[in-house]
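Here the working numbering is used: the first residue of the sequence shown is 1087, the next is one more, and so on. Backbone N, C-alpha and C define an ideal beta-carbon position, used for all residues, glycine too.
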Amino acid sequence: MAMTLNQLVLRSMRKNIKSYYLYVFALVFSVSLYYSFVTLQYNPAIVNEIGTGRSSAALKAASYLLLFIVTFFVLYANKLFMNRRSKEIGLYQLVGMSKSLVARLIAIENIILWFSAIVIGVLVGLLTSRIFVMILLKIVEKDVFVELSFSMEALMVTVVVFSVLLLIVILQTAIRIKRVTLLALITTTAVADERVKKFNAFQMFLGFVGLISIGYGYYLSTTLLDLDNLPSANILLFKMVSILALTVGGTYFVFRFSVALILNLIRKSKKGLLSIQDVLSLSTIMHRMKANAMSLTTITVLSATTLAILTLTYISYYSTDSVANQAVPYDFIMYEDTGFEMVGEFDKEGIQYTRYDIDILAVPSDVRTLLIKKAALDKTLSTELGVQVVSLKAIQKKLPNLQLQEEEGYIIGYDSLSAENIRIEGQKPIQFNTSTGKGEIFIKEVIEDRLIPDYHYFGFFTVVVSDTYFQKLLNDPLTKNQKIVGMDLKEENQLIKAQEVFEANKVSVEMPIPGNDRATNTVSVQSQEDYRINMLDSLGMTIFISGFLGLAFLIATGSILYFKQMSEADEEKGTYKILRKMGFTTNEIMRGIRRKQLFNFGFPLIIGLAHSYFAVKSGWILFGTELVAPLLITMGIYIVLYSIFAILSAGYYRKVVEAAL
């Protein structure tokens, strides 16, 4: 009895239900992720609270990046899915079905699957979109109730995008069926990737090249921002390109040749006495390494890049408090004679505070005697570099333990960013250029605490001198004086009320730019909390987008590794059946499989972590002040995600081994 095409489709889908769930998961995950993200552009809470033109543009640009991730994930999942069904497609042709009919059959199946996945994915995305909105508003510290919001615009965009992807998948499948021979389809899963053969001297050399390339790339990354030895911007660009080429090329060589080199050495050390665990781990890895090298390199490099971006973004977020404290080192700061109406309101409202009156002098100085390394910077630093100088009395309220003789001084505000730009040390003199000639102050100690706001950091640090010496500089015609008043609240619970007073009494003043009498700048009364909130507003969307896309990509790459392992497990069913018939238990076989899984997930994980660590270490200082905690948190998330996929993969292998008999 002849079956219609529709009956054949339904029968085929029922038969392949076990194979479909992976593919359906990939589709549903992609649709829900894309829909929930696109919905953010139209969500009322986001539009009302942070709906600036820049935020909308950022979300739109990020949606294109997400589309790339989704396309990469879906097409790869479709490729694995078709490989698993290649024998079935070959059998259809063997019983007399034409290639065009088989292509139509697969196309109808895909249409049904994709339509179902879009419906389910949109429903899941609708529920998760509210969670994502709440996370974004939490990042920027907006206390707003978020309602579940359905967006017809986001739905239309999602349907159009995935309809185009469906057409690409159908076309990709049809071309594969048309071009591949019947024999190739039937034997696809039976062909080994590479025969284990003798490892020649040239391959051994390339294995060493891979390891050395990565090592040298790491070394270059540690010197990327070493300004003491950086003669020009061209060298910086050359270093960046070299690091990229060495790490990417080295990673491929490591997977393609270095791994084979190491495994061959291990195999030789066994002198032919391989256990069942060795056969299931060493041999299978070596058989597949040629085909897996490129995909593992791509996944590792992209994952490392994603992890580095995630870490740097999180460093920016994690450092907002400390950056705000450096930029505005008091709860409130007033410049010259501005903002005293605010002080009066504080007194009226009973807001208690500690006041710091500070005179800041711009003094022409020669700081080259303080440099640790002088090779490059000694030529570029001006002998007339303006340095800000304050008196000991002005900062003793904050740092009461400091004591000075008349011609002694401290350097304060020498933070980690300053240390990356100009490396100096104490127990050396600094030279001031005054109208009476050159005078020297002996620097007792270099201190990180910053007590002068960012506006005055036209130099790289502040010099604290004795009150007597400060008075001499104050009377010198070559020095320029500016005044600030810092205010710290005595009780934190008065911050909200103080912020309200601050918002009502914001005053701006035209001040000369420190070190440049001819130019002026508008400076407002400053609030540390206001500065911090503004930072969150400007960084919040970037932080959220980076986190969203980064986690999406890490999940996608982890899923691809998992799907690949499932395909390999299905291909090796025959091997496990033979081993079970020979008397090997499930646990004995699983010990070898676990070794293989440790390599397949652990090796890319370790290399990815190393790549991202050195990438972050080379430039983290430009993004914030905190490194260790953000680095450990993001790397911890990466390890947990890959561990979950490794455990799921091992669980699937166990099912395959147990079902072998």
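Under the three-pair Cβ rule at 8 Å, the region 1161–1174 counts as touching the region 1248–1267. If you draw a straight line from the Cα of residue 1144 to the Cα of residue 1154, it comes to about 16 Å. Distance check between residue 1494 and each of 1530, 1521, 1517, 1512 places 1530 closest, using alpha-carbon atoms only. Bridge partners of residue 1420 according to DSSP: 1571. Beta-bridge annotation (DSSP): residue 1514 is paired with 1529. By the Cβ neighbour-count rule, residue 1440 is exposed, with fewer than 16 other Cβ atoms within 10 Å of its own. Across the structure, residue 1253 and residue 1191 are spaced so that their CA atoms are roughly 14 Å apart. Here the alpha carbon of residue 1116 sits roughly 48 Å from the alpha carbon of residue 1590.
Ranked by Cα distance from residue 1160, the first of 1113, 1125, 1205 is 1113.
At a Cβ-Cβ threshold of 9 Å, residue 1573 and residue 1429 count as neighbours.
Residue 1538 sits in coil when the DSSP states are folded into three classes, being neither helix nor strand. Fewer than three pairs of CB atoms, one per stretch, sit closer than 8 Å, so the region 1615–1623 makes no contact with the region 1380–1394. Just so you know, the alpha carbons of residue 1721 and residue 1353 end up roughly 33 Å apart. In the same chain as residue 1447, and ignoring 5 residues on each side of it, the C-beta atoms closer than 6 Å to its own belong to 1475, 1559, 1565, 1567, in chain order.
The straight-line gap separating the alpha-carbon atoms of residue 1709 and residue 1397 is approximately 10 Å.
Going by C-alpha positions, residue 1184 is about 10 Å away from residue 1264. In this structure residue 1478 is in contact with residue 1552, their Cβ atoms being roughly 6 Å apart against a cut-off of 8 Å. Sixteen is the threshold: when 16 or more other Cβ atoms of the shown chains lie within 10 Å of the Cβ of residue 1418, as they do, the residue is buried.
In the same chain as residue 1415, and ignoring 5 residues on each side of it, the C-beta atoms closer than 6 Å to its own belong to 1536, 1537, in chain order. If the five residues before and after residue 1518 are omitted, its C-beta is found closer than 6 Å to the C-beta atoms of 1449, 1451, 1525, all from its own chain and listed in chain order. For the pair residue 1571 and residue 1588, the CB atoms are not nearer than the 9 Å cut-off. The alpha-carbon of residue 1210 is positioned some 40 Å away from that of residue 1661. Listed in chain order, the non-local C-beta contacts of residue 1241 below 8 Å within the same chain comprise 1121, 1208, local neighbours out to five positions each way being set aside. Looking at the backbone, the Cα of residue 1301 and that of residue 1335 are separated by about 12 Å. For residue 1437, the secondary structure class from DSSP, reduced to helix, strand or coil, is coil. A Cβ-Cβ separation of about 7 Å places residue 1310 in contact with residue 1705 under the 8 Å criterion.
Counting the other CB atoms within 10 Å of its CB gives residue 1569 a total below 16, which places it among the exposed residues.
Boundaries of the alpha helix (DSSP H) around residue 1674: 1672–1705. Distance between residue 1195 and residue 1201, taken at the CA atoms: about 10 Å. Each residue's CA atom was taken as its position, placing residue 1432 and residue 1584 some 7 Å apart. Going by beta carbons, residue 1389 and residue 1639 fall inside the 9 Å limit.
With a cutoff of 9 Å on beta-carbon distance, residue 1683 and residue 1724 are scored as not near each other. In terms of CA proximity to residue 1170, 1654 leads the group 1696, 1665, 1654, 1691. In the three-state scheme derived from DSSP, where H, G and I count as helix and E and B as strand, residue 1457 is classed as strand. Taking C-alpha positions only, residue 1694 is separated from residue 1711 by approximately 24 Å. Of 1685, 1733, 1701, the smallest CA-CA separation from residue 1379 is found for 1685.
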